[in-house]
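Undergrad:
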C-alpha cells in the first residue's frame with residue numbers, strides 16, 4: 001500500500017496488571033506479528049496518559065485508541081466508538097496529568113494544545129474480568145478477551161486502509177455483528193470501579 005500522507009495513530013491503552021484492562025497493550029503486542037501499513041504510528045501507552053495527550057497533539061489526522069470498556073455487551077465483543085471531543089474553550093480547569101482515563105486524557109490534550117485534536121475512534125472490547133477498585137494486581141486476561149485480541153488485529157487491518165484513504169470515513173469492524181453504532185457518543189466507562197490509573 002502506498003502511503004497517502006495521512007497521519008494515523010493506533011494507541012493501546014490499559015493497565016497490563018489489571019486483568020482485562022490489558023486488552024489494548026495485548027493488541028499492540030499482537031500487531032508486532034502482523035504490522036500495519038507504513039505511515040501508521042503504533043504504540044502502547046499503557047497508563048501513561050500524559051504521553052498520550054502530547055502524542056495526540058503531534059499532527060495526526062486520526063487516532064484509534066484500543067481499550068477495554070464496559071458497555072454492557074457480551075465479554076469479548078468489539079465496539080467502534082467515536083467520542084465527542086472536548087473543547088479547549090470550555091474554561092474548565094485542566095484535568096490531572098497522570099492516569100489513563102481516556103476522557104481525561106482527551107481533555108488534557110485539548111487544554112494543552114492550540115490546534116484541534118485529531119479525529120478519535122475507540123476500538124473497545126467488553127471485559128469479562130473487571131478488577132475491584134482496591135486491587136493493585138490482577139494479572140492475566142480472560143478467555144473471551146484473549147480471543148478478541150486477534151479479532152481486533154483483523155479489525156485494525158480492515159479499518160486502517162479505509163482511514164488512510166479518507167480520515168473522515170467510518171470504517172466497519174471485520175465482523176458486522178460486533179460493530180456498535182458509530183455515531184458520536186461519550187467515552188466508554190472505566191473498567192475499574194472508581195480507579196483512575198487504567
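Residue numbers (the UniProt record's numbering): 1 to 198. The C-beta atom is built at its ideal place from N, Cα and C for all residues, glycine as well. Predicted model, so just to flag it, every value in this text is computed and none were measured.
Mapping DSSP to helix, strand and coil, what is residue 82?
TA: In the structure shown, residue 82 sits in a strand (DSSP, three-state: E or B).
Undergrad: How do the segment 121-130 and the segment 20-32 stand: do at least 3 beta-carbon pairs fall below 8 Å, yes or no?
TA: The segment 121-130, when compared against the segment 20-32, does touch it at the 8 Å Cβ threshold.
Undergrad: Using 8 Å as the threshold, is the segment 74-89 in touch with the segment 45-61, meaning 3 or more CB pairs across them?
TA: Short answer: they don't touch.
Undergrad: In chain order, what residues of the same chain have a beta carbon less than 6 Å from the beta carbon of residue 6, not counting five sequence neighbours either side?
TA: Excluding sequence neighbours, residue 6 sits near 61, 164, 167.
Undergrad: Of the choices 46, 9, 37, whose alpha-carbon is the least far from that of residue 15?
TA: Residue 46 is the option with its Cα nearest to residue 15.
Undergrad: Measure from the alpha carbon of residue 232 to the alpha carbon of each residue in 70, 170, 130, then state which is nearest.
TA: The question about residue 232 has no answer, for the chain in this structure spans 1 to 198.
Undergrad: Whole angstroms is fine: what's the gap from residue 27's alpha carbon to residue 114's?
TA: Approximately 31 Å between the Cα atoms of the pair.
Undergrad: Could you tell me the alpha carbon to alpha carbon distance between residue 11 and residue 137, rounded to whole angstroms?
TA: Rounded to whole angstroms, residue 11 to residue 137 spans 23 Å at the Cα level.
Undergrad: So who's on the other strand from residue 120, going by DSSP bridges?
TA: In DSSP, residue 120 forms a bridge with 63.
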